[in-house]
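Following numbering that gives the first Met the number 0, the residues of the sequence shown are numbered contiguously, the last one being 115.
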Amino acid sequence: MNDEKNYKVADFSTIPREACPCGLTQRAFVQEPDGTASFHIVKICKSSRTHYHKKMTEIYYVLKGEGILELDDEQVDLKPGISVMIKPGCRHRAVGDLTLINVPVPAFDLEDEWFD
C-alpha cells in the first residue's frame, strides 16, 4: 500500500532564505523525486548577477516592486502582474527593488546555474 499523497504543501514561514545569484530566495519542492518543478519566492538585490541555465526554463511573476529584467541584449520593464518565461540559454538578470515568484521547470538544480 502506498502512503504517499498526491499533493505536497509548502509553508514559506518555515523555509529559510538563502543566497542566490538574484539576491535571496526561498525554495519549495526542490527535493521532489520526480523533479517536475519547484516554486521560489525571490527578493532581488542590488548585486544580482547575470546567469543562465542549460536545461531549466524559469517563469518569473512579479509580486511587488519595479525594475527591469535583462534578457540577452534586451530589457523588459517589470512591475506587479508581469510574468516572463526565460528559456534555457537566455542570459538574464533582474534589477530593481523587486519581489517575484520563480517557477523553474524542471525543478531547480544548482548544477544548472552558469556564469560567463
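Note that CB positions come from ideal geometry on N, CA and C, so glycine has one too.
Worksheet entry | Rounded straight-line distance, which links the Cα of G64 to that of E110 | 29 Å
Worksheet entry | Given D72 as reference, the closest of S82, I40, K78 and R90 once Cα atoms are compared | R90
Discussion item. Determine whether the beta carbon atoms of T56 and K86 lie at a separation below 8 Å.
Written reply: yes
Worksheet item: Under the rule that 16 or more other beta-carbon atoms within 10 Å means buried, what is P103, buried or exposed?
Response: buried
Worksheet item: Run through DSSP, which three-state label would E57 get?
Response: strand
Worksheet item: Between which two residues does the beta strand (DSSP E) carrying G22 extend?
Response: G22 to A27
Worksheet item: What distance in whole Å lies between the Cβ atoms of L77 and G95, which are believed to be in contact at a cut-off of 8 Å?
Response: 6 Å
Fill in: Sequence-distant residues of its chain with Cβ nearer than 6 Å to I58 (five each side left out)
M84 and V102
Worksheet item: Taking DSSP as the reference, what is the three-state secondary structure of D10?
Response: coil
Discussion item. For a test of the three-state rule: what should DSSP assign to E112, helix, strand or coil?
Written reply: coil
Worksheet item: Grouping DSSP H, G and I as helix and E and B as strand, with all else coil, what is G80?
Response: coil
Worksheet entry | Option nearest G80 by Cα separation, candidates L70, E3, Y60 and E69 | Y60
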